[in-house]
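Position one of the sequence shown corresponds to residue 1 (my numbering), numbered consecutively onward.
Below is one structure; the comments refer to it alone.
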Amino acid sequence: MPKRSGNYVACARDGWGSEELQSSSADLFIQVWILDSCNKHFSSSFQLDKNNADPTSPTVDRVTLGSSYSLNTTLVSVQMKVFTSNNAGYVFYAGGSAMIDTSTDPFGAIIYGYTETEVLLWRPDIATTHGYLVYVGGQWGAGNNNQQDTSVEVTVKVIELTGSPCTGTNECSADWTTLKTICTPTDCPDPPDLANAYKVYNGVSNGSTAMYSCMPGYAQSSHDVIITCTDGSWSSSTVFCEAICAAPPSIPNADVQVFDFMAIYSCQEGYLSQTGSSLISCSQSVWQTTTFSCTASCGPAPNITGADVLVNGDVAMYACHYGFSATNADNEINCVSGTWPSTTFQCTDSSNNGVSRINNQTLNEWIARIRRELIINRKRTNAYLRSLTSVYDPRPSAIAIGSSGVFIFSFAFLLIMIPDIITVIRYIQERYFTNGKSDD
């Protein structure tokens with residue numbers, strides 16, 4: 001980089017050691033560091049105006065860092081941004097010490113120093129009219145883009161040179177609006193519990209996995225049993241553990257039907273239900289208990305010759321076959337303590353030559369039934385039906401034809417019914433004769 005005549009780009013003399021150094025050319029390196037924004041522990045910006053300071057107050061400004069930082073691993077910087085003249089928006093670094101003091105030449109600088117907890121800023125005294133906060137003038141740049149400012153924006157930063165301010169596996173990011181560091185946890189909490197299931201997991205860091213296994217007596221609803229930790233949260237799973245119910249308890253002398261998680265008992269033939277609910281449910285693989293029981297009933301009712309029996313619970317009712325007569329004993333018996341009592345009820349053979357007898361009540365019932373079968377409803381006869389649509393004809397020929405028709409119809413009816421009437425009359429006489437003889 002060439003120099004102007006009489007000036008140097010690098011010079012060390014006038015008391016700076018015993019060896020003087022001056023050079024009219026040098027290599028210039030411009031470097032830009034991209035520092036992790038998460039390593040910026042502290043940043044504070046404010047306006048500083050030399051001429052608005054209180055003349056009675058000290059010209060040293062204090063910036064409290066708000067925390068104690070190690071000077072071995074942190075970088076503290078003070079920057080000044082200008083807003084006027086040729087270089088508006090440009091940022092200049094403050095100086096580490098004073099380069100001039102008693103000279104009347106114009107100068108500009110903010111001198112700063114710092115400790116673990118605060119930064120001190122020295123600015124030129126308000127009474128020093130040739131002192132600026134930022135000064136570029138004279139022959140610097142051959143007078144191009146000169147800058148003389150007494151008001152600037154000051155930014156104080158504390159940057160960690162090693163490590164991250166976010167602990168563990170937290171992810172670090174910067175909020176450029178508030179100039180603050182944001183630590184977002186990438187670790188997940190413990191995996192969520194699943195009802196009726198065990199869980200095993202290999203950690204809670206990003207990428208860790210957890211697996212579920214149903215407890216004994218339960219079955220998994222699907223194979224979606226693994227979840228993964230991603231950016232601080234666990235993935236979701238649709239699996240759940242549903243109860244598996246074994247066969248419901250055996251109740252002696254009872255049958256059982258199972259519908260999903262419900263069981264219904266019913267007593268087997270020959271047994272009766274006693275106390276207790278016949279319906280139980282299964283919850284968490286455990287069946288409800290019940291006092292339902294089945295006790296032996298009386299079993300089949302005693303057989304009586306010539307009779308049918310109808311059993312309803314603990315009651316049995318007998319009825320004689322056709323051609324058999326019932327005795328005067330009660331035709332019902334009740335089961336007591338699992339035992340049918342004995343009965344004197346009997347059905348005796350009353351057909352043909354038998355010696356059995358029939359009582360008057362049974363006989364009257366038979367006669368009434370026969371009468372109902374033999375009686376003809378007059379309104380259902382053809383004569384009655386014809387009378388509804390015909391008129392009386394007084395002619396002798398018409399009367400003769402009608403009388404002949406009635407006679408023929410009556411004669412045909414008698415021919416059909418006479419054998420049945422004779423059989424019934426003989427049967428009644430025979431029964432009556434037999435009963436009368438027995439009474440004698």
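For every residue, glycine included, the Cβ atom is placed at its ideal position computed from N, Cα and C.
All of these numbers come straight from a predicted model, not from anything done at the bench.
*Three-state secondary structure (DSSP) of Gly323*: coil
*Residue interval of the beta strand (DSSP E) (run including Trp476)*: Nothing can be reported for residue 476, as the shown portion of the chain is limited to 1 through 440.
*Short check: CB of Tyr265 to CB of Ser297, under 8 Å?*
It is not a contact, given that the beta carbons lie outside the stated cut-off.
*Assign Ala301 to one of three DSSP states: helix, strand, or coil.*
If DSSP states are grouped into helix, strand and coil, Ala301 belongs with coil.
_Am I right that Glu118 and Ser45 are in contact with their C-beta atoms under 8 Å? What's the rounded C-beta distance?_
Not a contact, Cβ separation roughly 16 Å.
*Do the stretch 70-82 and the stretch 95-115 meet, that is, are 3 or more Cβ pairs less than 8 Å apart?*
yes
*Taking only the alpha-carbon atoms, compute the straight-line gap between Phe345 and Leu279 and give it to the nearest angstrom.*
If you take the alpha carbons of Phe345 and Leu279, they lie about 41 Å apart.
*Any idea if Asp27 is buried or exposed, counting beta-carbon neighbours within 10 angstroms, 16 or more meaning buried?*
exposed
*May I have the straight-line CA-CA distance separating Ser173 from Leu194, to the nearest angstrom?*
34 Å
*Taking three-plus beta-carbon pairs below 8 Å as touching, is the stretch 281-299 in contact with the stretch 250-264?*
yes
*Would Val158 be called buried (16 or more neighbouring beta carbons within 10 Å of its own) or exposed?*
Counting Cβ neighbours within 10 Å, Val158 comes out buried, since at least 16 surround it.
_Residue from Gln288, Ser103, Ala316, Val204 whose Cα sits closest to the Cα of Ala301_ = Ala316
*To the nearest angstrom, how far is it from the Cα of Glu171 to the Cα of Ala219?*
39 Å
*So, helix, strand or coil for Asn253, using DSSP?*
coil
*Within 8 Å, strictly: CB atoms of His321 and Cys347*: Yes, the Cβ-Cβ distance between His321 and Cys347 is below 8 Å.
*asked:* Suppose the cutoff is 8 Å on Cβ atoms and the five residues either side in sequence are ignored; what does the same chain contact list for Thr275 look like?
replied: Thr291, Phe292, Ser293
*For the stretch 68-114, list the beta strand (DSSP E) runs that are entirely contained and at least 3 residues long, ordered along the chain.*
74-81, 91-93, 111-114
*asked:* Three Cβ pairs or more, each shorter than 8 Å: is that satisfied between the stretch 303-313 and the stretch 209-225?
replied: no
*Please determine, among Ser68, Asp314, Ile251, the residue with the shortest C-alpha to C-alpha distance to His41.*
Ser68
*In its own chain, which residues sit with a C-beta less than 6 Å from the C-beta of Gly95, not counting the 5 before and 5 after it?*
Ala109, Ile111
*Pull up the distance between the alpha-carbon of Ser356 and that of Val336, whole angstroms please.*
Note that Ser356 scores a pLDDT of 42, beneath 50, so its modelled location is shaky; the value from the coordinates is reported in the next line. For Ser356 and Val336, the distance between alpha carbons rounds to 32 Å.
*Burial state of Asp439, where buried means 16 or more other Cβ atoms lie within 10 Å*: For Asp439, the pLDDT reaches just 46, beneath the cut-off of 50, and the residue's location in the model is therefore unreliable, leaving the point undetermined.
*Take the Cβ of Leu133 as the centre, count every other Cβ of all protein chains shown within 10 Å, and call the residue buried at 16 or more, exposed below.*
Buried, since its Cβ has 16 or more Cβ neighbours within 10 Å.
*Buried versus exposed call for Ser221 [16 or more other C-beta atoms within 10 Å across all chains shown]*: exposed
*Beta carbon of Glu20 nearer than 8 Å to that of Ala10*: Not in contact: Glu20 and Ala10 (Cβ atoms no closer than 8 Å).
*asked:* Tell me which residue opens and which closes the beta strand (DSSP E) that Leu133 is part of.
replied: Secondary structure note for Leu133: it is in no beta strand (DSSP E), with a DSSP letter that is neither H nor E.
*Spell out the partners DSSP gives Arg62 in its beta bridges.*
Leu120
_Assigned secondary structure, Asn353 (DSSP; H/G/I helix, E/B strand, else coil)_ = Here the model assigns Asn353 a pLDDT of 47, short of 50, so the residue's position is not dependable, and the following value carries that caveat. DSSP places Asn353 in coil when its eight states are reduced to three.
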